[in-house]
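Residue numbers for the sequence shown, in my numbering: 59 to 283.
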Amino acid sequence: GKIYCCGTAAGPAFEGAQIKHGTRATLGAIHQVEIENSELKIYTIGDVAPRGVCGTGLIDALACLIKGGSIASNGRLQKDNHLLSSRIQAEGKSPYFVLSHDPQIIVTQEDISQLQLAKAALQAGRKVLLHQAKREESDIDQVILAGAFGSFINPESAMTVGIIPRVETVLSVGNASLLGAKKALLSKVFREKVENLAKKAQYVELSARADFQEYFYEALIFEKN
Numbered sequence: 059g060k061i062y063c064c065g066t067a068a069g070p071a072f073e074g075a076q077i078k079h080g081t082r083a084t085l086g087a088i089h090q091v092e093i094e095n096s097e098l099k100i101y102t103i104g105d106v107a108p109r110g111v112c113g114t115g116l117i118d119a120l121a122c123l124i125k126g127g128s129i130a131s132n133g134r135l136q137k138d139n140h141l142l143s144s145r146i147q148a149e150g151k152s153p154y155f156v157l158s159h160d161p162q163i164i165v166t167q168e169d170i171s172q173l174q175l176a177k178a179a180l181q182a183g184r185k186v187l188l189h190q191a192k193r194e195e196s197d198i199d200q201v202i203l204a205g206a207f208g209s210f211i212n213p214e215s216a217m218t219v220g221i222i223p224r225v226e227t228v229l230s231v232g233n234a235s236l237l238g239a240k241k242a243l244l245s246k247v248f249r250e251k252v253e254n255l256a257k258k259a260q261y262v263e264l265s266a267r268a269d270f271q272e273y274f275y276e277a278l279i280f281e282k283n
């Protein structure tokens with residue numbers, strides 16, 4: 059019957075910003091990546107030639123690298139003899155992963171580092187809330203994803219990367235804040251319910267917590283699924 063909440067600064071990586079070939083979710087953006095019959099398949103918005111990769115595509119690509127064994131636990135790309143090895147190339151000492159050959163769309167080692175920082179922030183925030191509630195990650199029954207990004211993200215990829223915990227039920231509810239605002243304007247009963255909910259919620263300020271940094275550094279590691 060208790061509610062705990064926090065906000066984590068995950069940066070703009072999930073929106074395709076500060077990513078070499080990152081883009082918003084517009085025409086030509088690679089929004090989905092999967093391994094099918096040992097082959098990498100990419101899908102673009104509008105089914106046209108790729109012009110970049112957006113947040114959901116980046117998470118899918120990272121999940122494929124983890125599943126294919128082409129990324130070490132510290133986030134470093136590793137060629138060896140893994141499933142996607144032929145797509146890992148290097149410019150000097152900087153390795154990169156080829157999503158598309160023509161035109162060439164790549165995910166660099168620096169891109170992976172940006173995603174690593176973003177996922178670690180989310181994971182650490184979750185750990186702090188669980189600690190505050192005296193609960194374990196295994197106690198989580200359901201994850202609710204809101205917003206446009208939450209509506210299009212592949213839950214399995216998000217769990218593989220570590221953005222959300224591995225649970226049986228993941229719900230995508232779209233723009234929940236806008237829907238809630240509309241309902242609050244139209245219903246006094248609902249508005250009172252929301253006000254009571256807000257009073258009940260306990261906000262946890264992460265910047266004041268020493269354990270956030272500890273959880274953050276632990277969360278930089280990619281766990282094998």
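Virtual Cβ for every residue (Gly too), placed ideally from N, Cα, C. Treat the numbers as computed from the prediction; the structure is a model and nothing was measured.
What residues match up with residue 90 in a beta bridge as DSSP calls it?
What you label residue 90 is simply residue 32 of the sequence shown in a count that begins at 1. In DSSP, residue 90 forms a bridge with 101.
Counting C-beta neighbours from all protein chains within 10 Å, is the total for residue 159 16 or more, i.e. buried, or is it exposed?
Taking the first residue of the sequence shown as position 1, residue 159 is located at position 101. Burial call: exposed.
If we count the other Cβ atoms within 10 Å of its Cβ and call it buried at 16 or more, is residue 63 buried or exposed?
By 1-based counting over the sequence shown, the position of residue 63 is 5. Of the other Cβ atoms in all chains shown, fewer than 16 fall within 10 Å of the Cβ of residue 63; this residue is therefore exposed.
Since residue 126 and residue 93 should fall inside the 8 Å C-beta cutoff, what is the C-beta to C-beta distance between them, to a whole number of angstroms?
Along the sequence shown, one-based indexing puts residue 126 at 68. Along the sequence shown, one-based indexing puts residue 93 at 35. That belief holds up - the Cβ atoms of residue 126 and residue 93 are roughly 7 Å apart, short of 8 Å.
Grab the span of the alpha helix (DSSP H) containing residue 189 for me, first residue to last.
As a first step, residue 189 must be located in the sequence shown, where it is residue number 131. According to the DSSP assignment, residue 189 belongs to the alpha helix (DSSP H) that extends over 167-190.
So does the stretch 164-182 actually touch the stretch 71-88, counting three or more Cβ pairs closer than 8 Å?
Segments in contact, yes.
So what's residue 280 in DSSP terms, helix, strand or just coil?
Walking along the sequence shown from the start, residue 280 turns up at place 222. Note: residue 280 maps to coil in three-state DSSP.
My output table needs one value for residue 247: the three-state DSSP class, helix, strand or coil.
As a position in the sequence shown, residue 247 is number 189, starting the count at 1. In the three-state DSSP reduction, residue 247 falls in the helix class (H, G or I).
Taking 7 Å as the cut-off, decide whether the C-beta atoms of residue 115 and residue 207 are in contact.
The sequence position of residue 115 within the sequence shown is 57, counting from 1. The sequence position of residue 207 within the sequence shown is 149, counting from 1. Cβ atoms of residue 115 and residue 207: not closer than 7 Å.
How many whole angstroms separate the CB atoms of residue 88 and residue 102, which I take to be in contact at a CB cut-off of 8 Å?
Numbered from its first residue, the sequence shown carries residue 88 at position 30. Numbered from its first residue, the sequence shown carries residue 102 at position 44. Indeed they touch by this definition, with Cβ atoms about 5 Å apart.
Segment limits, alpha helix (DSSP H) that includes residue 214
Here residue 214 refers to the residue found at position 156 of the sequence shown. For residue 214, the enclosing alpha helix (DSSP H) stretches over residues 213-219.
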